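Residue numbers (the working numbering): 560 to 641. For every residue, glycine included, the Cβ atom is placed at its ideal position computed from N, Cα and C. Being a predicted model, the structure only gives us computed values, none of them experimental. Worksheet for the structure shown next.
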Amino acid sequence: DGHKLFGGIGHKKLLQKLQDQVDDPFLSQESSSNNKHVKIVRVVDDSDGSLVAKEIKQTGSYTMTVQLTSDLSVDVPVLVEA
């Protein structure tokens, strides 16, 4: 846990990976009318509860909060391994 990554993992990469993993048209990039509100609103480092400012820069467990609509969000666990 806590090994530095060569590059960072930002919100765009995290959202793309979620879209690849979840086979749901709501998250599909092709369906822009559905996903225009879908965004990551925060990422928390599970080891200490700190907010990740811009990019994940080390291995470990994280929780990202994904806003699906203006009034609906979900917490998604993220495991970053080297």
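Does Lys563 come out as helix, strand or coil in the three-state DSSP assignment? Here residue 563 refers to the residue found at position 4 of the sequence shown. Strand, per DSSP.
For Leu627, report the span of its beta strand (DSSP E) as first-last. On the sequence shown, position 68 is the one that residue 627 refers to. Taken as a continuous stretch (DSSP letters only), the beta strand (DSSP E) holding Leu627 covers 619–628.
Beta-carbon spacing of Ile599, Leu564 below 8 Å: As a first step, residue 599 must be located in the sequence shown, where it is residue number 40. As a first step, residue 564 must be located in the sequence shown, where it is residue number 5. No. Outside cutoff.
Residues in the same chain with beta-carbon distance under 8 Å from His596, minus the five sequence neighbours each way, listed in chain order, please. Position 37 of the sequence shown holds residue 596. So the list reads Gln626, Leu627, Thr628, Ser629, once near-sequence residues are dropped.
Answer yes or no: do Asp634 and Gly619 have a C-beta to C-beta separation smaller than 8 Å? Taking the sequence shown and counting its residues from 1, one reaches residue 634 at position 75. Taking the sequence shown and counting its residues from 1, one reaches residue 619 at position 60. Not closer than 8 Å, so no.
Could you tell me the boundaries of the beta strand (DSSP E) in which Lys613 lies? If you number the sequence shown from 1, residue 613 lands on position 54. Taken as a continuous stretch (DSSP letters only), Lys613 belongs to no beta strand (DSSP E), as it is neither H nor E.
Contact check, Met623 vs Val639, beta carbons under 8 Å: One-based indexing of the sequence shown puts residue 623 at position 64. One-based indexing of the sequence shown puts residue 639 at position 80. No, the pair does not count as a contact, with Cβ atoms beyond the cut-off.
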